[in-house]
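There are 2 protein chains.
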Amino acid sequence: MTVHDDVTTRPRNATLKDVAKLAGVSVATASKALNGKDNVHPDTRRRVVEAAERISFTPNQLARAILGKQTGTVGLLTHDLEGRFSIPILMGAEDAAGAGQMSVFLCDARGDSIREQYHLKALLSRRIDGLIVVGGQTDPRPSIGRSLPVPVVYAYAPSLDPADVSVVPDNTHGGMLAAQHLISTGRRRIAHISGDVEYLAARERANGVQRALADAGLPLAGGEVLYGSWSESWGRSAALTLLDRDPQIDAIVCGSDLIARGVLDSLRDRGVDVPRDVAVIGFDNWEVLVQGSRPALTSIDMNFEALGRRAAERLIEAIAGRETPGVETLDCRLVVRGSTSYGR
Amino acid sequence: MTVHDDVTTRPRNATLKDVAKLAGVSVATASKALNGKDNVHPDTRRRVVEAAERISFTPNQLARAILGKQTGTVGLLTHDLEGRFSIPILMGAEDAAGAGQMSVFLCDARGDSIREQYHLKALLSRRIDGLIVVGGQTDPRPSIGRSLPVPVVYAYAPSLDPADVSVVPDNTHGGMLAAQHLISTGRRRIAHISGDVEYLAARERANGVQRALADAGLPLAGGEVLYGSWSESWGRSAALTLLDRDPQIDAIVCGSDLIARGVLDSLRDRGVDVPRDVAVIGFDNWEVLVQGSRPALTSIDMNFEALGRRAAERLIEAIAGRETPGVETLDCRLVVRGSTSYGR
DNA sequence: CTGAAAGCGCTTACAG
DNA sequence: CTGAAAGCGCTTACAG
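Chains C and Z supply the protein sequences, listed in that same order. Residue 107 in full-length UniProt numbering is what sits at position 107 of the first sequence, and the numbering runs on without skipping anything. Residue 261 in full-length UniProt numbering is what sits at position 261 of the second sequence, and the numbering runs on without skipping anything.
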């Protein structure tokens with residue numbers, strides 16, 4: 001038994017009034033019964049619940065939200081054109097809130113601040129409880145503003161305003177992890193090829209690598225970090241440069257998986273065996289790049305899902321009024337595969 | 001001048017009442033003035049608009065929606081774990097509705113039908129105007145149900161129920177495009193390596209390839225389609241099989257870019273020049289795989305953004321009451337790069 | 001334990 | 001042209 005509209009065959013949404021009528025009680029009582037409030041006779045509650053099920057009553061959250069309650073919705077404003085970060089971050093956020101508790105408006109501003117403003121306006125008019133802003137790269141970005149009516153958490157790229165809440169991966173730590181892994185597996189002549197030096201992520205990862213080497217009393221092989229672009233072709237040419245400069249290198253940390261793929265190609269072309277002669281490690285742990293390479297690529301994972309979960313947790317705290325400004329940093333994770341390990 | 005809450009420093013949302021008071025008119029008049037209704041004195045309208053701007057009034061869409069209007073929100077229920085389809089489809093949908101007109105709830109059900117039900121329930125309680133369901137692969141999927149209170153459009157994977165509205169890429173056409181391109185550039189011994197035969201996409205693409213060959217009076221080189229898995233390693237081994245079976249082949253259509261990457265690797269290992277000796281074409285046009293290969297990979301693009309745009313258009317039509325059931329098929333697009341073309 | 005009433009923020013006939 | 005009133009679907013004091 002569903003309620004039908006007159007003009008179309010599409011069922012109209014049942015209202016609390018429908019439920020109340022069917023159960024023979026007032027709307028007030030029906031409301032209390034369904035929301036598990038005290039002071040409702042068990043029999044009454046049962047009748048109401050049954051009635052609600054009979055007509056598949058779905059409470060109108062909009063009406064509830066208008067009463068000053070929260071809407072149970074948050075905005076996720078992203079600049080990630082490929083969905084590489086957004087989807088895992090979204091999944092983490094879904095999990096943090098609990099299944100089906102929180103619905104997420106995803107908007108892609110595509111790196112355009114005008115579009116960001118449009119989306120922001122639309123989200124606020126829909127009365128989101130809070131907002132997560134996901135950057136397209138890890139460089140700090142302008143704050144979206146202090147005087148929004150809802151709390152904001154910045155994920156992946158921190159806000160430039162220290163009064164904002166940001167959750168970002170610790171790229172320095174990631175670089176250290178990579179180098180430490182190589183050192184602990186016996187490598188001593190470790191080089192680093194990275195992407196565009198304009199990216200903070202590139203510089204931080206390089207810092208991490210160099211710090212780990214310094215801690216172990218090792219020099220950076222190749223003399224300096226080879227910065228270039230985030231591409232396979234750069235990986236290929238940089239690897240050749242490196243081999244010419246220092247044929248003795250026994251490991252290369254790469255600033256991204258794409259770069260690492262290029263490096264693997266060039267090593268193969270030169271007849272250098274991976275991992276026997278040279279170990280290679282990537283960054284991103286991007287499944288599609290990492291699984292199929294020869295050999296499979298050890299990589300550093302930035303834990304996007306955990307990042308999303310944490311961002312959502314921080315947002316939920318802020319919505320509840322417990323806000324602690326500043327940049328929170330999350331550890332990266334080493335995923336070992338054949339490119340650094342004989343056993344596999 | 002913003003309206004402030006007592007307990008926190010976060011500004012409270014201004015209401016229409018605030019605007020009316022500031023402009024010295026009634027709420028009714030303020031409403032009409034802001035919504036561009038007739039019968040409002042120009043001076044009054046100006047005063048109201050100014051007042052609204054002064055206190056950055058953002059109309060509460062929830063209140064509007066509760067009056068039986070539409071919410072201007074749609075759900076996008078996806079099963080795409082990597083965001084490979086979802087984000088472009090989302091962007092297409094955003095564009096179709098017009099910037100900032102329509103907000104999209106993105107939910108990832110992760111291939112789990114229980115989670116799908118949870119999300120569906122949450123979306124309906126938030127009174128979405130319509131729903132787009134995005135499959136994880138192109139195989140037809142169970143209908144989410146006929147008696148939803150809102151229209152549904154299936155994208156990428158069609159619904160099994162012919163009464164539903166579906167928009168899918170034409171994989172057969174994609175396969176034909178690939179083979180025709182090779183034929184038109186002079187290839188005559190064309191083979192086809194694809195992924196898991198259990199996937200409809202694999203079989204349809206193969207049908208397209210074979211149809212184009214038949215139309216040109218050419219046999220399928222290698223004797224049969226080589227089905228396997230959607231991986232680089234399968235691409236590598238299948239290419240070797242193929243070369244052993246028929247050393248004369250001059251082109252290979254691959255069922256995915258990942259497979260094509262594996263094929264390119266094996267050809268290179270065997271000293272076969274691409275594109276001179278053998279042309280290779282992929283499927284998906286996945287930037288990250290296609291750009292950096294040696295040579296860059298010609299590929300078939302399924303136009304996810306156009307797919308999302310079309311799905312949103314169909315949804316908007318359905319919301320307006322103009323619904324035409326059935327499966328709509330969208331053409332694929334050939335993107336030529338170095339792996340099939342000398343010039344580049 | 002139950003229900004009538006007020007109210008959330010808006011829009012829309014309907015009087016004036 | 002303007003505003004008082006009713007109402008959307010719900011929740012929450014407040015009487016009974």
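Think of the CB as a built atom: it goes at the ideal place given N, C-alpha and C, for glycine as much as any other residue.
Straight-line gap, residue i to residue j (C-alpha atoms, nearest Å)
i	j	result
E328(C)	K21(C)	52 Å
V165(Z)	V278(Z)	41 Å
D18(C)	A63(C)	15 Å
Q117(Z)	H173(C)	40 Å
R12(C)	D161(Z)	22 Å
D38(Z)	K32(Z)	8 Å
I316(Z)	F57(Z)	28 Å
H181(C)	R333(C)	11 Å
L213(Z)	D139(Z)	25 Å
R310(C)	G326(C)	14 Å
T2(C)	R54(C)	Confidence at T2(C) is low in this model, with a pLDDT of 40, below 50, so its placement is unreliable and no value can be given for it.
V133(Z)	K69(Z)	23 Å
R211(C)	G222(Z)	54 Å
residue 356(Z)	A251(C)	This structure does not reach residue 356(Z), given that chain Z is present from 1 up to 344, and the question cannot be answered.
R203(C)	R127(C)	39 Å
A109(C)	P88(C)	18 Å
G36(C)	A320(C)	22 Å
R270(Z)	D246(Z)	14 Å
S125(C)	Q61(Z)	5 Å
S194(Z)	A178(Z)	13 Å
S86(Z)	T298(C)	28 Å
P158(Z)	S159(C)	41 Å
V225(Z)	A191(Z)	7 Å
Proximity of residue i and residue j at Cβ, strictly below 8 Å
i	j	result
I281(Z)	S339(Z)	yes
I235(C)	G217(C)	According to the sequence as given, residue 235(C) is Gly; it is not Ile. No; because the gap between Cβ atoms is not below 8 Å, this pair is not in contact.
S256(C)	A239(C)	no
P295(C)	V274(C)	yes
V74(C)	M91(C)	no
V336(Z)	D301(Z)	no
V104(Z)	L106(C)	yes
A96(C)	A312(C)	yes
G228(C)	A206(C)	no
G145(Z)	H79(Z)	no
R10(Z)	P149(C)	yes
G72(C)	D112(C)	no
G98(Z)	E232(C)	no
Listed by chain order, chain Z residues near residue i by CB distance under 9 Å
i	result
F105(C)	T73, S103, V104, F105, L106
P325(C)	Correct list: empty, because the minimum Cβ distance to chain Z is about 13 Å.
M302(C)	Here the premise fails: no neighbours, minimum Cβ distance about 15 Å.
Secondary structure of residue i, DSSP reduced to three states
i	result
E323(C)	coil
I128(Z)	coil
L123(Z)	helix
Y154(Z)	strand
L226(C)	strand
P11(C)	strand
residue 347(C)	Since the first and last residues shown for chain C are 1 and 344, residue 347(C) lies out of range.
T241(Z)	helix
G235(C)	helix
residue 376(Z)	Limits of chain Z in this structure are 1 at one end and 344 at the other, which puts residue 376(Z) out of reach.
V278(Z)	coil
V336(Z)	coil
D265(C)	helix
Within chain Z, the residues that residue i reaches when beta carbons sit closer than 8 Å
i	result
I87(C)	D80, L81, E82, G83, S86, I87, D108
S233(C)	G292
Neighbouring residues, chain C, relative to residue i (Cβ below 9 Å)
i	result
G262(Z)	G292
P11(Z)	S147, L148, P149
Distance between beta carbons of residue j and residue i, contact taken as under 8 Å
i	j	result
D170(Z)	D331(Z)	6 Å
L258(Z)	L289(Z)	6 Å
V253(Z)	V197(Z)	Not confirmed; about 15 Å, so no contact.
Interface partners of residue i on chain Z, CB under 7 Å
i	result
A65(C)	L62
L242(C)	Near L242(C) there are no residues of chain Z at all, since even the closest Cβ is about 18 Å away, more than 7 Å.
L34(C)	Per Cβ cutoff of 7 Å: no residues; L34(C) is ~12 Å from chain Z at best.
Contact list for residue i against chain C, beta-carbon separation under 8 Å
i	result
V288(Z)	E82, L258, W286, V288, L289
R127(Z)	N13, N60, Q61, L62
E94(Z)	C107, D108
Listed by chain order, chain C residues near residue i by CB distance under 7 Å
i	result
L90(Z)	L106, D108
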